[in-house]
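This report refers to the structure that appears directly beneath it.
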Amino acid sequence: MGSQSQFCHVRGNRFLDAQHLTKTYRVGGETVYALRDVTWSALQGDFVVINGPSGSGKTTFLNLISVIDRPSSGEVFIEGEPTSAKSEGQLAHLRKTKIGLVFQSFNLIPVLSTEENVEYPLLLQKRPRPERAARVEAMLREVGLTDFARRRPNELSGGQRQRVAIARALVTGPMIVLADEPTANLDSKTGETVMDLMRRLNEEHCVTFIVVTHDPAVSRYARRRVRIHDGQLEEGEPDGVATPAS
Ligand SMILES: Nc1ncnc2c1ncn2[C@@H]1O[C@H](COP(=O)(O)OP(=O)(O)OP(=O)(O)O)[C@@H](O)[C@H]1O
Ligand SMILES: [Mg+2]
């Protein structure tokens with residue numbers, strides 16, 4: 004997909020570096036620690052699965068490393084470049100060009116159809132119309148939504164909406180994809196199709212995946228496993244059952 008090379012020559016380059024990330028919220032006069040002093044990095048071609056109990060800080064962590072949200076302290080480096088001093092516009096550009104996001108709440112645009120939602124990031128990138136049409140069509144085919152191209156999100160099931168969100172995240176050919184429970188609303192067959200697509204992008208195109216999930220079908224593909232507990236991150240060993248060859 005996109006401009007990635009057919010073969011993964013760059014696997015192992017450091018793509019994302021999080022240094023001493025702390026995120027606090029003020030709730031009713033008290034300070035809540037959502038993340039505590041997390042230092043971690045992702046290499047290009049990684050397939051990282053993040054586990055952890057509800058409220059442990061997983062979404063907070065994804066939001067910080069995808070530069071959607073800023074840490075209370077600490078620094079996120081993307082391809083070696085610090086991001087804290089960048090403007091909102093510069094961060095938006097980074098996300099638009101390098102990062103694909105699948106949110107826990109999907110964040111689809113309600114007034115746009117399936118195909119328009121998937122096309123949207125390509126419009127932001129000012130890709131020409133024929134390229135947009137071809138990519139959207141191919142992507143909808145991949146996630147099995149060709150027959151639902153004209154529907155709006157409120158006319159789709161939860162699993163179909165989730166697939167629209169996945170298609171939208173992948174359509175630009177991002178270098179890194181962050182996904183929050185991407186298969187939570189999918190039946191096992193559709194979930195597997197989505198996982199196969201992610202695995203193919205990871206193996207053949209070196210796309211880095213960082214996926215929060217409790218789904219064992221997704222966890223099988225982990226090259227790396229991370230656990231977040233009480234705002235702290237702990238590196239684990241992958242099970243290795245179905246670990247893809249590097
Ligand atoms: N905007 C906010 N204001 C106050 N507290 C917040 C806010 N966002 C998150 N938190 C708190 O930060 C902690 C981490 O939240 P986070 O959403 O990262 O958890 P999570 O691991 O993604 O949970 P889940 O598995 O339920 O999605 C929680 O205790 C949560 O209540
Ligand atoms: Mg969450």
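Just so you know, we're using the numbering used here here: the sequence shown kicks off at 4 and counts up by one. Here a beta-carbon is modelled for each residue, glycine too, at the ideal position from N, C-alpha and C. Computed from a predicted structure; not experimentally measured.
Boundaries (first-last residue) of the beta strand (DSSP E) holding residue i
i, result
"residue 232", "227 to 232"
"residue 75", "Where residue 75 is concerned, there is no enclosing beta strand (DSSP E), given that its DSSP letter is neither H nor E."
"residue 61", "Run containing residue 61: none in the beta strand (DSSP E); it sits in the alpha helix (DSSP H), 61 to 68."
"residue 181", "179 to 183"
"residue 41", "33 to 46"
7 Å Cβ cutoff met for residue i and residue j
i, j, result
"residue 42", "residue 36", "no"
"residue 145", "residue 135", "no"
"residue 107", "residue 184", "yes"
"residue 102", "residue 156", "no"
"residue 64", "residue 38", "yes"
"residue 75", "residue 25", "yes"
"residue 50", "residue 212", "yes"
"residue 117", "residue 148", "yes"
"residue 209", "residue 47", "yes"
"residue 198", "residue 221", "yes"
"residue 120", "residue 162", "no"
"residue 133", "residue 175", "no"
"residue 19", "residue 71", "no"
"residue 109", "residue 171", "no"
"residue 85", "residue 78", "yes"
Buried/exposed call for residue i, threshold 16 Cβ in 10 Å
i, result
"residue 2", "Absent from the structure is residue 2, since the part of the chain shown begins at 4 and ends at 249."
"residue 59", "buried"
"residue 231", "buried"
"residue 229", "buried"
"residue 243", "Since pLDDT at residue 243 reaches only 48, below the 50 mark, its modelled position is unreliable, and the value read off the structure follows with that caveat. Classification of residue 243: exposed, given that the 10 Å Cβ count is below 16."
"residue 236", "buried"
"residue 112", "exposed"
"residue 180", "buried"
"residue 30", "exposed"
"residue 234", "buried"
"residue 34", "exposed"
Enclosing alpha helix (DSSP H) for residue i [first to last residue]
i, result
"residue 196", "191 to 208"
"residue 92", "91 to 101"
"residue 162", "161 to 173"
"residue 51", "Counting along the chain, residue 51 falls outside any alpha helix (DSSP H), though it belongs to the beta strand (DSSP E) covering 50 to 54."
"residue 240", "Element bounds for residue 240: n/a, residue is neither H nor E."
"residue 134", "132 to 145"
"residue 122", "117 to 127"
Simplified DSSP state of residue i, which is helix, strand or coil
i, result
"residue 217", "coil"
"residue 21", "strand"
"residue 155", "coil"
"residue 111", "coil"
"residue 186", "coil"
"residue 16", "coil"
"residue 149", "helix"
Residues around ligand 2, please: the condition is that the C-beta lies closer than 6 Å to some non-hydrogen atom of it. With the cut-off at 6 Å, the residues found are 61, 62, 107, 183.
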